[in-house]
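A.B. asks: Heads up: take any position in the sequence shown, counting from 1, add 22, and you land on the working numbering.
Can you keep this structure in mind? I'll have questions shortly.
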Amino acid sequence: MQAHVLSLLALVAAASAQNCNGFAELCSRRYSEVSFVAAHNAAFVGDTAFHNQFEYPEADFDRGVRYFTTQVHNRDGQLKQCHSECLLLDAGYFSEILLSIKGKLDANPREVTTLLITNHADGLDSTEYGKQFEETGMIDYVFQPDGHLGLAEWPTLGEMIDAGTRLVVFMDYGADTNKVPYILDQFRYYFETPFSPTKDNFYQCDIDRPADASADGRMIFANHNLNIMLPLLNILVPAMDDAQDTNSVASITRQTDICDSNHGRLPNVVMLDFVSEGEAIRAQNTLNVASDFNTRYPWTYYQAYGWAQGRLATGTRIRDNVIRDIAGFCDSAELDEAWDWYRINYLIHVPFAKLPPWEDVVNHIDRILAQTVNVPQYIGIRKHYRVDRKAWGQLDHACAFILRLIYLRAEYEDGPQAQNDRTLGLKWETGINTRGKFSVPDRDYDIRWEKVDRWAAARVLFDMLSVFQDDYARDFKQQYPHNYLKEYNRAERNGGVNPVIAPPVNVTASQYQQMLADNASTLWARIVGYFRAMP
């Protein structure tokens, strides 16, 4: 019995050692690509109008919070955590929150944490804070970049953990990296939405600070801490009684979706009051799953081929359409029949031994849905697709195309212009439509495919490949990022003239040099080679 227990503990330890902030998927994610919920004024614990949290940072850390903010003032020559004025609320010495976080970092070696210091009231010199980091021993954990980092230059969480630099420190005003190189200027790295939002301006993602700043190159800091006005005192205080609703997944994702729509990215930070209330950590996990899924399946391929008959909205979130729709499809009683139909009609030229079992597809989707499908807007989806015949038709059309592309990745030796048309059951040349039949018991649909070109299909192919071959697909995406292929799509439509005149966003210098050396034909050949060499 003891041997079994020891073996189990060893397995648990091994699994934990592979995680970063609780998830293996986050180890390869840059710090600038991870979403955190933040405990606003983390040490201001209580139930009066001057408090922002119900539990202390140690408990919030145990809950899953990895981003803490605190407000610091000079009181009698000491750095104290105070709310606006120390006479109103004195939450103890600044060193106390450092020691609280340090204790958790000591005990949790696979966690990356952030501390944001609000320093604008007294404007203390950053060297005063530096002394506190040294005296508490927190200096051993701080992350110190060699210079300013762009979004694509941040290390991954795994790299920060391996280096032992697991605490990132920002300061709103007064940071000076010439004096203290590890206290980073918040507004050089973030733009922030309006502070102390009320119900009148709550759901937005406008840039408030720094004034007149661009979102380009900055992470997104979303203030999601609802406030109410006390009419007699004419001051804003945290909306304590609304914390459950404010911190729900539905409320948080309503704001983050606006950021995604406006800026093409999910927020890196969602700041909350009373983070112990509601669904803060679930929202954090949902955002990171959505970010991972959107990275793998860029929404622009909606526009590349259009959904069947254009009925599914284009340009909207993958999470809201693809995951939702495949959820309904996987719950369908016709799943086995549909899969058999795809396999018999479209996979006859692919060695069946190379195909992952269909159960792997379902399990992968279920893993994603497990963290997102209970969001309120998804409730009732499966019922919708059971009873809405037209919706089922649209869903089948979209899934048919996706599944064909997933399982036909090994067949493009000479490019899919001629002999492989029959395999795919659709034309690849831009502007050509074809029709096919999709039949399952009691169902008979016509499929009208929108305009599809081989570049659009290539993008879908290598994005969908990551469902089954994560390491392989990651290597491929590093060499051929999505916007890299877009440039060649443009080149092909311009008669093969390479239009690249500067490195696109998020394309490295080495990738850019390869882009200049490639042309549409050679790039296609390299894509084909990757698919054919797949294990």
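Each residue gets a CB set at the ideal place from its N, CA and C atoms; glycine is no exception.
Compare the Cα-Cα distances from residue 220 to each of 176, 281, 268 and 180 and report the closest residue.
C.D. replies: Within the sequence shown, residue 220 is the residue found at index 198, counting from 1. Of the candidates 176, 281, 268 and 180, the one whose C-alpha sits nearest the C-alpha of residue 220 is 268.
A.B. asks: State yes or no: is the C-beta of residue 309 within less than 7 Å of the C-beta of residue 302?
C.D. replies: Within the sequence shown, numbered from 1, the residue matching residue 309 stands at position 287. Within the sequence shown, numbered from 1, the residue matching residue 302 stands at position 280. No, Cβ-Cβ distance for residue 309 and residue 302 is not below 7 Å.
A.B. asks: Short of 7 Å in beta carbon distance, which residues of its chain neighbour residue 105, apart from the five on each side in sequence? Order them along the chain.
C.D. replies: Position 83 of the sequence shown holds residue 105. Excluding positions up to five away in sequence, the list reads 63, 66, 72, 93 and 111.
A.B. asks: Quick test of your reading: residue 599 and residue 244, contact by CB under 8 Å. State the CB separation rounded to the nearest angstrom.
C.D. replies: Nothing can be reported for residue 599: it is not among the residues displayed for the chain, which extend from 23 to 557.
A.B. asks: Can you tell me whether residue 558 is helix, strand or coil according to DSSP?
C.D. replies: As shown, the chain starts at 23 and ends at 557. That puts residue 558 outside it, with no answer to give.
A.B. asks: So is residue 251 buried or exposed if we call it buried at 16+ other beta carbons inside 10 Å?
C.D. replies: Residue mapping note: residue 251 aligns to position 229 of the sequence shown, counting from 1. Exposed: under 16 other Cβ atoms inside 10 Å.
A.B. asks: I'd like to know whether the C-beta atoms of residue 86 and residue 148 end up nearer to each other than 7 Å.
C.D. replies: On the sequence shown, residue 86 is found 64 positions in, with the first residue counted as 1. On the sequence shown, residue 148 is found 126 positions in, with the first residue counted as 1. Cβ atoms of residue 86 and residue 148: not closer than 7 Å.
A.B. asks: What's the gap between the Cα of residue 78 and the Cα of residue 200?
C.D. replies: In the sequence shown, counting from the first residue as 1, residue 78 sits at position 56. In the sequence shown, counting from the first residue as 1, residue 200 sits at position 178. Distance between the alpha carbons of residue 78 and residue 200: 33 Å.
A.B. asks: In the DSSP assignment, find the unbroken alpha helix (DSSP H) run with residue 155 in it and report its ends.
C.D. replies: Against the sequence shown, residue 155 aligns to sequence position 133. Where residue 155 is concerned, the enclosing alpha helix (DSSP H) stretches over 148 to 158.
A.B. asks: Count the other CB atoms, across all protein chains shown, that sit within 10 Å of the CB of residue 260; report buried if there are 16 or more and exposed otherwise.
C.D. replies: Here residue 260 refers to the residue found at position 238 when the sequence shown is read from its first residue. Label assigned to residue 260: buried.
A.B. asks: Restricting to Cα atoms, I'd like to know which of 179, 146, 131 and 203 is closest to residue 161.
C.D. replies: Translated into positions along the sequence shown, residue 161 becomes position 139. Ranking the options by Cα distance to residue 161, first place goes to 203.
A.B. asks: Quick check on residue 55: buried or exposed, where buried means 16 or more other Cβ atoms within 10 Å of its Cβ?
C.D. replies: Indexing the sequence shown from 1 puts residue 55 at position 33. Flag for residue 55 reads buried.
A.B. asks: Using the C-alpha atoms, what's the distance from residue 253 back to residue 170?
C.D. replies: Within the sequence shown, residue 170 is the residue found at index 148, counting from 1. Within the sequence shown, residue 253 is the residue found at index 231, counting from 1. In a straight line, the C-alpha of residue 170 is about 44 Å away from that of residue 253.
A.B. asks: Would you check if the distance between the CB atom of residue 188 and the CB atom of residue 42 is smaller than 7 Å?
C.D. replies: By 1-based counting over the sequence shown, the position of residue 188 is 166. By 1-based counting over the sequence shown, the position of residue 42 is 20. Not in contact: residue 188 and residue 42 (Cβ atoms no closer than 7 Å).
A.B. asks: Where are the alpha helix (DSSP H) runs, 4 residues long or more, that stay fully inside the stretch 155 to 235, in chain order?
C.D. replies: The qualifying runs are 179 to 185 and 208 to 211.
A.B. asks: Throw me the rounded Cβ distance for the residue 242 and residue 289 pair, which I believe falls under 8 Å.
C.D. replies: In the sequence shown, counting from the first residue as 1, residue 242 sits at position 220. In the sequence shown, counting from the first residue as 1, residue 289 sits at position 267. Right, the Cβ-Cβ distance comes to about 4 Å (below 8 Å), so this counts as a contact.
A.B. asks: Taking the straight line between their C-alpha atoms, what separation do you get for residue 559 and residue 237?
C.D. replies: For residue 559 there is no data in the structure shown, the boundaries of the chain being 23 and 557.
A.B. asks: For the putative contact between residue 265 and residue 299, defined by C-beta atoms under 8 Å, what is the C-beta separation to the nearest angstrom?
C.D. replies: For the purposes of this step, residue 265 is taken as the residue at position 243 of the sequence shown. For the purposes of this step, residue 299 is taken as the residue at position 277 of the sequence shown. About 4 Å separates the two Cβ atoms, so the contact holds.
A.B. asks: Does DSSP put residue 90 in a helix, a strand or coil?
C.D. replies: Here residue 90 refers to the residue found at position 68 when the sequence shown is read from its first residue. Here residue 90 sits in strand by DSSP.
A.B. asks: Could you check the C-alpha separation between residue 109 and residue 68 for me, to the nearest Å?
C.D. replies: By one-based count along the sequence shown, residue 109 stands at place 87. By one-based count along the sequence shown, residue 68 stands at place 46. Between residue 109 and residue 68, the C-alpha separation is close to 16 Å.
A.B. asks: So residue 277 is in the alpha helix (DSSP H); what residue range does that whole segment cover?
C.D. replies: Start at 1 with the first residue of the sequence shown, and residue 277 comes out as number 255. From DSSP, the alpha helix (DSSP H) with residue 277 extends over 271 to 285.
A.B. asks: Buried or exposed: where does residue 70 fall if 16 or more other Cβ atoms within 10 Å of its Cβ makes it buried?
C.D. replies: For the purposes of this step, residue 70 is identified with residue 48 of the sequence shown, where counting begins at 1. It is exposed - the Cβ of residue 70 has fewer than 16 other Cβ atoms within 10 Å.
A.B. asks: How big is the Cα-Cα spacing for residue 256 and residue 249?
C.D. replies: In the sequence shown, counting from the first residue as 1, residue 256 sits at position 234. In the sequence shown, counting from the first residue as 1, residue 249 sits at position 227. Between residue 256 and residue 249, the C-alpha separation is close to 12 Å.
A.B. asks: Using a threshold of 7 Å, state whether the C-beta atoms of residue 154 and residue 116 are closer than that.
C.D. replies: One-based indexing of the sequence shown puts residue 154 at position 132. One-based indexing of the sequence shown puts residue 116 at position 94. Yes, Cβ-Cβ distance for residue 154 and residue 116 is below 7 Å.
A.B. asks: Using the DSSP secondary-structure output, state which residues sit across from residue 241 in a beta bridge.
C.D. replies: Within the sequence shown, the letter at position 219 stands for residue 241. DSSP output for residue 241 lists 212 as bridge partner(s).
A.B. asks: Where residue 151 and residue 228 are concerned, what is the direct C-alpha to C-alpha distance, given to the nearest angstrom?
C.D. replies: Residue 151 sits at position 129 when you count from the first residue of the sequence shown. Residue 228 sits at position 206 when you count from the first residue of the sequence shown. Each residue's alpha carbon lies about 31 Å from the other.
A.B. asks: I'd like to check one pair, residue 277 with residue 212: are the Cβ atoms closer than 7 Å?
C.D. replies: Reading the sequence shown from its first residue, position 190 is the one you call residue 212. Reading the sequence shown from its first residue, position 255 is the one you call residue 277. No, the pair does not count as a contact, with Cβ atoms beyond the cut-off.
A.B. asks: How far does the beta strand (DSSP E) with residue 260 in it reach, from first residue to last?
C.D. replies: Along the sequence shown, read from residue 1 onward, the residue named residue 260 stands at position 238. Note, residue 260: beta strand (DSSP E), 257 to 260.
A.B. asks: Provide the residue span of the alpha helix (DSSP H) that contains residue 58, from first to last.
C.D. replies: Start at 1 with the first residue of the sequence shown, and residue 58 comes out as number 36. Segment 58 to 61 is the beta strand (DSSP E) holding residue 58; no alpha helix (DSSP H) there.
A.B. asks: Helix or strand or just coil, what does DSSP make of residue 49?
C.D. replies: As a working note, residue 49 is residue 27 in the sequence shown. Correct three-state label for residue 49: helix.
A.B. asks: Does the beta-carbon distance from residue 173 to residue 49 come in below 7 Å?
C.D. replies: Within the sequence shown, the letter at position 151 stands for residue 173. Within the sequence shown, the letter at position 27 stands for residue 49. In this structure, residue 49 does not lie closer than 7 Å to residue 173 by Cβ.
A.B. asks: Hey, how far is the Cα of residue 223 from the Cα of residue 216?
C.D. replies: Working through the sequence shown from its first residue, we reach residue 223 at position 201. Working through the sequence shown from its first residue, we reach residue 216 at position 194. Going from the Cα of residue 223 to the Cα of residue 216 covers about 8 Å.
A.B. asks: Buried or exposed for residue 103, going by 16 or more other Cβ atoms inside 10 Å?
C.D. replies: Within the sequence shown, numbered from 1, the residue matching residue 103 stands at position 81. Label assigned to residue 103: buried.
A.B. asks: From which residue to which residue does the beta strand (DSSP E) around residue 81 run?
C.D. replies: Indexing the sequence shown from 1 puts residue 81 at position 59. Segment 79 to 85 is the alpha helix (DSSP H) holding residue 81; no beta strand (DSSP E) there.
A.B. asks: Nearest CA to the CA of residue 88: which residue from 52, 127 and 51?
C.D. replies: Taking the first residue of the sequence shown as position 1, residue 88 is located at position 66. Residue 88 has its Cα closest to that of 127, out of 52, 127 and 51.
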